[in-house]
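Below is one structure, written out as structure tokens; the observations come after it.
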Amino acid sequence: MSVECFVTGGTGFIGQHLLAHLSAQGHSIRVLMRRPERLPALQEQVRSLGGNAARVFAVAGDLERENLGMSHADREVLKQARIVFHLGAQFAWGLSLEQARAVNVEGARRVALLACGQKSRLVMIGGYMLKNHEHLRRIGIDPGRPASTDWPAVYRRVGGYEGSKLEAYFATLAVMSAQGGEITVVHPATVCGHSRTGHILSAQPLAELIRNLVQGKLAAVPGTTEHWLPLVTVDHLVELVAACAFDPAMAGQELLALDEQTPNLRELLAQVAQPLGLKTPKHHISLRLLKLLLSIPLVARLLNANAESLDFIQATRFDTGALEQFANRHAITKPDIRQALQHTATFVNSYCIGEGRAR
Ligand SMILES: NC(=O)c1ccc[n+]([C@@H]2O[C@H](COP(=O)([O-])OP(=O)(O)OC[C@H]3O[C@@H](n4cnc5c(N)ncnc54)[C@H](OP(=O)(O)O)[C@@H]3O)[C@@H](O)[C@H]2O)c1
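Residues 12 to 370, numbered by this note's numbering, are exactly what the sequence shown covers, in order.
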């Protein structure tokens, strides 16, 4: 059965793959676009990722604007959307609190109000840090009493992007609970390229890590042998997100999308290095020391790295029991993360070298 969907962030990395997946399943998708004139390019991309481009439409708008900057006519059409997928976010390092809040927190609130107002289910993309309660407490958030959080202090500790993603999650839950709306949240780990093609966008954090290895900017492995950068492949993630959206049992539920088979960071780099014939760094550098070094702008520029990105490298392990049950119930199989890493490395080496990014 074809379902009308509305997607924010449809032009982004996860968004493009979600559009391809949903449209291939026969659903119709309206995409919030700041630059709707780019619809033909987006449709071409959807086609190349295996989707049905004829089922993808643009809605002009902006998360930063009142009523998402949409016309009255577009809002009327959107009322048919049974599911609202909220992926749109300013995903960058070094954002100020004001910049990050304007899009990530206020934008999420606006999308939540829209979903509630028209009784659509909201499927929101959070982030796996929200499932690390020890980390949340360490940075000043009590998950049981989020209203008592000193948000500016959190932003100072973890940076604008992560701070705003955390705040957006609690702000959205508050709107949904006050308005009696239906929400499902999926919390992805860092997203790896497509498990078969390796497709990834150049600005993604994993693409940046691979680029740094290729360009010899990674002289040591950050953290210890306990540290890892939990991953999920983009194709597995969008399958999970779509299955969540259409599963009545997932109303009011959350899902952690993280592959617990992701190797530690040293082995991850070895997987990346292998198809490219590169050497992996032998030594480790403590995260604390690296953070200190990256606080020196020249070093950060030379290493092409940002201290904010280091928070995603962790020693914490996560309980993925609920994810396995969910995937089994929907007959979703998990791709081999090591092979996916090798394909992603090959893709980045072929298409994303020399493309600097401001993130
Ligand atoms: N990738 C990861 O590793 C990862 C991990 C965990 C969670 N997430 C979350 O997953 C979601 C999608 O991530 P992604 O990696 O696909 O991000 P991405 O590639 O950076 O895409 C971001 C999307 O948000 C849109 N956007 C930004 N500002 C906007 C605004 N003011 N109004 C409307 N749209 C706006 C962008 O549209 P334009 O084309 O107009 O720029 C783009 O479509 C985000 O919420 C992110 O926090 C990502």
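No residue lacks a Cβ here, since even glycine has one placed at the ideal position from N, Cα and C. These numbers were taken from a predicted model, which means no experiment stands behind them.
Simplified DSSP assignment, three categories, for residue i
i: MET44; result: strand
i: ASP347; result: coil
i: CYS203; result: strand
i: ILE221; result: helix
i: ALA369; result: In this prediction, ALA369 has a pLDDT of 32, which is less than 50 and means its spatial position is unreliable; what the coordinates show is noted afterwards. Correct three-state label for ALA369: coil.
i: THR195; result: strand
i: GLN129; result: coil
i: SER3; result: One cannot answer for residue 3 here, as it falls past the ends of the chain, which runs 12 to 370.
i: THR357; result: helix
i: SER320; result: helix
i: HIS210; result: coil
i: PHE181; result: helix
i: PHE102; result: coil
i: MET81; result: coil
i: GLU117; result: helix
i: GLN282; result: helix
i: GLY26; result: helix
i: ALA92; result: coil
Counterpart residues of residue i in DSSP-defined beta bridges
i: HIS97; result: THR19 and MET135
i: SER39; result: GLU15
i: THR244; result: CYS203
i: ALA69; result: VAL42
i: TRP239; result: GLN325
i: VAL232; result: HIS295
Backbone CA spacing between residue i and residue j [nearest angstrom]
i: PHE181; j: ASP153; result: 11 Å
i: ALA369; j: PHE102; result: Residue confidence for ALA369 is low, a pLDDT of 32 falling below 50, so the modelled location carries little weight and cannot support an answer.
i: GLN226; j: ALA65; result: 40 Å
i: ILE211; j: ALA284; result: 17 Å
i: GLN190; j: CYS127; result: 6 Å
i: ILE348; j: LEU242; result: 8 Å
i: PHE323; j: LEU240; result: 6 Å
i: LEU29; j: GLU319; result: 27 Å
i: ALA256; j: LYS130; result: 14 Å
i: ALA231; j: LEU269; result: 25 Å
i: LEU43; j: GLY20; result: 7 Å
i: ALA31; j: LEU53; result: 10 Å
i: ARG149; j: TRP162; result: 13 Å
i: THR331; j: ASN223; result: 30 Å
i: LEU280; j: ILE221; result: 8 Å
i: GLY209; j: ALA356; result: 7 Å
i: THR244; j: PRO157; result: 30 Å
i: LEU70; j: ARG112; result: Per the sequence presented here, residue 70 reads as Val, with Leu not at that position. Roughly 23 Å separates the two Cα atoms.
i: HIS295; j: PRO233; result: 6 Å
i: LEU298; j: LEU229; result: 13 Å
i: PHE358; j: HIS205; result: 10 Å
i: ASN78; j: ARG45; result: 14 Å
i: GLN325; j: HIS238; result: 5 Å
i: ASP246; j: LYS345; result: 9 Å
i: ALA185; j: TYR172; result: 20 Å
i: VAL196; j: PRO292; result: 37 Å
i: ALA254; j: ALA218; result: 27 Å
i: MET187; j: LEU177; result: 16 Å
i: HIS38; j: GLU48; result: 22 Å
i: ALA92; j: CYS203; result: 29 Å
i: MET81; j: ARG121; result: 11 Å
i: GLY170; j: MET12; result: 43 Å
Proximity below 8 Å, CB of residue i to CB of residue j
i: ILE10; j: VAL14; result: There is simply no residue 10 to check, as the chain begins at 12 and stops at 370 in what is shown.
i: VAL114; j: ALA123; result: no
i: VAL165; j: ILE25; result: no
i: THR327; j: ASN143; result: yes
i: TYR139; j: ALA214; result: no
i: LEU89; j: PHE17; result: yes
i: LEU303; j: ALA316; result: no
i: SER175; j: VAL116; result: yes
i: HIS341; j: GLU265; result: no
i: VAL57; j: GLN27; result: yes
i: THR236; j: ARG277; result: yes
i: ASN360; j: LEU309; result: no
i: ALA262; j: THR183; result: no
Boundaries of the beta strand (DSSP E) in which residue i is found, first to last residue
i: GLU11; result: Residue 11 lies beyond the stretch modelled for the chain, which goes from 12 to 370, so this question has no answer here.
Bounding residues of the alpha helix (DSSP H) (the contiguous stretch that carries residue i)
i: VAL165; result: 162 to 169
i: PHE337; result: 332 to 340
i: LEU298; result: 298 to 305
i: GLU271; result: First-last for GLU271: undefined, no H or E at that position.
i: GLU158; result: The sequence given here has Ala at residue 158, not Glu. Premise fails: ALA158 is in no alpha helix (DSSP H) and is neither H nor E.
i: SER59; result: 50 to 59
i: GLN110; result: 108 to 111
i: ARG76; result: Element bounds for ARG76: n/a, residue is neither H nor E.
i: PRO308; result: 308 to 314
i: LEU147; result: 144 to 149
Heavy atom of ligand 3 within 7 Å of residue i beta-carbon
i: THR244; result: For ligand 3, the structure offers nothing, since it holds only ligand 1.
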